[in-house]
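Following: one structure in structure tokens, then a few remarks.
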């Protein structure tokens, strides 16, 4: 017979599950933090409007903000530009060399024949006096910000060799002021906090959003009717399905890389253990069977293994188990608290929460738990999630007792904070690359 978990751990686990996370109506606002030492200077010239086009979005401003937020680039303010070329034959490279610019982005926007807009842009190498990239695309008025993000992604990849993540999305949970009428929402926005959409709005807690690998569905935990349940919801249609509502804890959903399975924490058989559900058949496979608390599963990118948090050694640490079952192996040994691990997209690293001097901070290690490096310096940092290119990590943090999101580059440099004018925002999950 399995032993019951110690009461203190049950209380801790329940407290973690029942965190009130939240809602607000305003979009996320972004504050860039830290220095930009070593960032590449780049100028994104305001795009020209041709043939009477009057777009409602400043394309160049969005591109410039995207590149600056990455921490890899330092964008020149338009007021410091000596000229405003819109085509390559208007560029005087000497002007931009005087301003110590490495690269220049120019472009135009005009009406498309079938409605909407046609955008053209070029990326120019100032010191070699030549174009290194050019492109065009079409967009509706509503899609202009997304089009700008796509252009920024192409520029970022051309200059760094890495895929950009500006056209991806964020899922997060928000809450208003605590009280009788406080609402909790699961929301999805662009990676820069614009275009927020409420996916679920409730008077009850919502937590643990997790993206499907095709970025078309979200799994999450809801406490509707005072009972934890795991839902999977299609973003386009709003259709949702409750996939787990067993007695006890139903928590920590995580999609497999093929999208067909969902790892989760269930306590239906006595203690919180790790299970995998085949979504088509709803068949469950139990991966762990221990009297301790096993929770927070996360898949390796190839789908062969799952890491999870367990206190089976007396303190929360990271363990690894084959996705087909077997004996779990401990991954982390340094420190008295390591939890909520997530793989990097290439499978070489893990990001997690660790405790240092009583403070909960974000840590990156290699996949075997070595080479530890702290990424954050807050008092209560949690819920880390890699960007799909592996270059940045987003996590929940606090400032003046208020929940917000922080983003930090893995290699250092400027970070950013995403907050709301009212309420709190927590539990971030960065989407995969969009189809």
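Numbering (my numbering), first residue to last: 124 to 558. Backbone N, C-alpha and C fix where the C-beta goes; we use that ideal spot for every residue, glycine too. Everything numeric in this text was worked out from a predicted model, so none of it was measured.
Beta-carbon proximity list for residue i, same chain, < 6 angstroms, skipping 5 on both sides
i, result
"residue 76", "What is shown of the chain runs 124 to 558, which leaves residue 76 out entirely."
"residue 541", "151, 153, 316 and 528"
"residue 512", "285, 286 and 288"
"residue 415", "433, 434 and 435"
"residue 554", "291, 292, 334 and 338"
"residue 255", "246 and 248"
"residue 566", "For residue 566 there is no data in the structure shown, the boundaries of the chain being 124 and 558."
"residue 319", "150, 310 and 312"
"residue 478", "460"
"residue 485", "498, 499, 504, 507 and 518"
"residue 346", "327 and 328"
"residue 549", "144, 296, 519 and 526"
"residue 556", "511"
Cβ neighbours of residue i in the same chain (closer than 7 angstroms, five flanking residues each side left out)
i, result
"residue 337", "382 and 558"
"residue 270", "242, 260 and 262"
"residue 384", "399, 400, 401 and 402"
"residue 252", "216"
Nearest residue (CA-CA) to residue i, options the options
i, options, result
"residue 277", "204, 297 and 187", "187"
"residue 425", "182, 349, 415 and 445", "445"
"residue 166", "228, 153, 150 and 548", "228"
"residue 171", "217, 198, 376 and 245", "245"
"residue 431", "457, 459, 386 and 391", "386"
"residue 169", "185, 162, 294 and 161", "185"
"residue 543", "242, 297 and 467", "297"
"residue 180", "211, 212 and 266", "266"
"residue 281", "294, 258 and 268", "258"
"residue 499", "483, 509 and 411", "483"
"residue 371", "380, 351, 489 and 306", "351"
"residue 373", "458, 218, 329 and 404", "329"
"residue 348", "423, 368, 332 and 331", "368"
"residue 322", "428, 341 and 546", "341"
"residue 552", "294, 524, 182 and 250", "294"
"residue 375", "509, 465, 451 and 496", "465"
"residue 587", "343, 308, 407 and 332", "Nothing about residue 587 can be reported from this structure: the residues present for the chain run from 124 to 558 only."
"residue 473", "438, 428, 450 and 501", "428"
Residue i - partner residues in DSSP beta bridges
i, result
"residue 365", "354"
"residue 532", "515"
"residue 334", "341"
"residue 292", "313"
"residue 91", "Only positions 124 to 558 of the chain appear in the structure, and residue 91 is not among them; the question remains open."
"residue 253", "248"
"residue 422", "429"
"residue 487", "474 and 496"
"residue 373", "389"
"residue 509", "516"
"residue 320", "311"
"residue 229", "245"
"residue 329", "345"
"residue 262", "240"
"residue 198", "165"
"residue 527", "520"
Local conformation of residue i per DSSP, three classes
i, result
"residue 461", "strand"
"residue 442", "strand"
"residue 181", "coil"
"residue 502", "coil"
"residue 435", "coil"
"residue 555", "coil"
"residue 164", "strand"
"residue 191", "helix"
"residue 146", "No answer about residue 146 holds up, because its pLDDT of 33 lies below 50 and its placement is not dependable."
"residue 236", "coil"
"residue 466", "strand"
"residue 349", "helix"
"residue 406", "strand"
"residue 416", "coil"
"residue 153", "strand"
"residue 286", "coil"
"residue 453", "strand"
"residue 544", "coil"
"residue 126", "With a pLDDT of only 40 at residue 126, under 50, the local geometry of the prediction cannot be trusted, and the value read off the model is given with reservation. Residue state, collapsed to three classes: coil."
"residue 539", "strand"
Same chain, Cβ closer than 8 angstroms to residue i, neighbours up to 5 away in sequence not counted
i, result
"residue 362", "356"
"residue 214", "208, 227, 229 and 247"
"residue 223", "164"
"residue 263", "238, 239 and 240"
"residue 359", "339"
"residue 538", "155, 156, 157, 194, 529, 530, 531 and 532"
Any non-hydrogen atom of the ligand MN closer than 8 angstroms to residue i Cβ
i, result
"residue 330", "Of ligands this structure carries none, so the ligand MN is not represented either."
Touching by the beta-carbon criterion (3+ pairs, under 8 angstroms), the segment 389-396 and the segment 416-423: yes
Any 3 or more C-beta pairs closer than 8 angstroms across the segment 196-204 and the segment 231-240: no
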